[in-house]
Structure formats: C-alpha cells, structure tokens
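**Student:** This is the structure I have questions about; it appears just below.
Numbering (mature numbering (1 follows the signal peptide of the UniProt record, and there is no 0)), first residue to last: -31 to -1, 1 to 115.
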C-alpha cells in the first residue's frame, strides 16, 4: 500500500513538473523582455510608472518608463521600443504641470530607445507630466504630485 501512495505522489509531482515545463515552453521567449525597462536612467532609479504607446488597439509599439532616484532626488524618463530594429523617430519628454515651462526631452532617430531625460522634483502644487512617441504614435500622462 505504501508503494502505491509513493508511486502516485511521484506521478503527481512529475505531472506538475511536466505541465510547468509545457507552459514555460509555450510562452514566447521575447514576450517577457520586449520593451522592458532597460536601466537607462542609471543605478538607483526605480520604475515608478509606465505609459504604453500603442500603434493599434492591441499592439504596443513602445513604452515610456518614469523612474525615480531617492538618492538623486530626480525623476527620469525613457521611451523603450518593443522591438528594436531600423532607425525610427522616437521621443521622450518630462515637464511639470500646470505651469510647465522647462521641459526636458530627447528626440531623434533611434533603434532601441529615446532618453534618458531627468527632472528635479516638482514644486508644491505642481505635478510631473511625461510623454513618449515612436514614429507617428504618441501617448502622454501626468501625476507624481508632491
């Protein structure tokens, strides 16, 4: 009786391992890393939020990541392309709202990402705004109010 339980437990464990291996094998390898934050802001910057840039209702062409460094007391933004390739126009911008008058931005023809750009903490009563673009596609957001 004991050997039947042992065999059943072993078979169950192997089935779970096999199922896990099947699930892992069927997931596309690039899906987990495509367009992921690339650490371009530097050491000590932690991603706080992100804004997707869609090229259609279901396709994300790039993502703008906003990161913060408590050591530097600065915000940073970078727009990362989901699938690096031939050079294409890309842009990333950080500014303050409602009275933004000194945006920091990086725009150009890039294969992988635009940025990083940096901005100090907003003054009381202001919020941070950010935007990104790739080719003809654009998206922006705001928040991060002290």
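Ideal placement from N, C-alpha and C gives every residue a C-beta, glycine not left out.
Assuming contact is defined by CB atoms lying nearer than 8 angstroms, are residue 43 and residue 88 in contact in what I supplied?
**Tutor:** Your numbering for residue 43 matches position 74 in the chain shown. Your numbering for residue 88 matches position 119 in the chain shown. Contact flag set, yes.
**Student:** Just to confirm, is the Cβ distance from residue 105 to residue 48 under 8 angstroms?
**Tutor:** Position 136 of the chain shown, counted from the start, is the residue given in the question as residue 105. Position 79 of the chain shown, counted from the start, is the residue given in the question as residue 48. Contact flag unset, no.
**Student:** Going by other Cβ atoms of all chains shown within 10 Å of its Cβ, with 16 needed for buried, is residue 91 buried or exposed?
**Tutor:** Here residue 91 refers to the residue found at position 122 when the chain shown is read from its first residue. So residue 91 ends up on the buried side.
**Student:** What span of residues does the beta strand (DSSP E) with residue 114 cover, start to end?
**Tutor:** Numbered from 1 along the chain shown, position 145 holds the residue referred to as residue 114. Note, residue 114: premise wrong, no beta strand (DSSP E); not H, not E.
**Student:** Can you check whether the CB of residue 62 is closer than 8 angstroms to the CB of residue 74?
**Tutor:** Here residue 74 corresponds to residue number 105 of the chain shown, with the count starting at 1. Here residue 62 corresponds to residue number 93 of the chain shown, with the count starting at 1. For residue 74 and residue 62, yes; Cβs fall inside 8 angstroms.
**Student:** DSSP three-state call for residue 84: helix, strand or coil?
**Tutor:** Taking the first residue of the chain shown as position 1, residue 84 is located at position 115. It is a strand residue.
**Student:** Could you pull the DSSP bridge partners for residue 69 from this structure?
**Tutor:** The residue given as residue 69 occupies position 100 in the chain shown. Paired residue(s): none; residue 69 is not in a bridge.
**Student:** Suppose you measure from the CA of residue 86 to the CA of residue 26; what does that come to, to the nearest Å?
**Tutor:** As a working note, residue 86 is residue 117 in the chain shown. As a working note, residue 26 is residue 57 in the chain shown. If you take the alpha carbons of residue 86 and residue 26, they lie about 28 angstroms apart.
**Student:** Do you know offhand how far residue 83's Cα is from residue 55's?
**Tutor:** Your numbering for residue 83 matches position 114 in the chain shown. Your numbering for residue 55 matches position 86 in the chain shown. Straight-line Cα distance between these residues: approximately 14 angstroms.
**Student:** Let me make sure I understand the geometry here. Which of 28, 22 and 34 has the alpha-carbon closest to that of residue 8?
**Tutor:** Translated into the one-based positions of the chain shown, residue 8 becomes position 39. Per the Cα distances, 34.
**Student:** Around the Cβ of residue 108, are there at least 16 other Cβ atoms within 10 angstroms (buried) or fewer (exposed)?
**Tutor:** Against the chain shown, residue 108 aligns to sequence position 139. Buried is the call here.
**Student:** What number of angstroms, rounded off, separates the C-alpha of residue 59 from the C-alpha of residue 79?
**Tutor:** Your numbering for residue 59 matches position 90 in the chain shown. Your numbering for residue 79 matches position 110 in the chain shown. Spanning the two alpha carbons is a distance of roughly 6 angstroms.
**Student:** Taking the straight line between their C-alpha atoms, what separation do you get for residue 41 and residue 30?
**Tutor:** For the purposes of this step, residue 41 is identified with residue 72 of the chain shown, where counting begins at 1. For the purposes of this step, residue 30 is identified with residue 61 of the chain shown, where counting begins at 1. Rounded to whole angstroms, residue 41 to residue 30 spans 30 angstroms at the Cα level.
**Student:** Tell me which same chain residues have a C-beta within less than 6 angstroms of the C-beta of residue 76, skipping the five on either side of it?
**Tutor:** Here residue 76 is taken as the residue at index 107 of the chain shown, counted from 1. Same-chain partners within the cutoff: 60.
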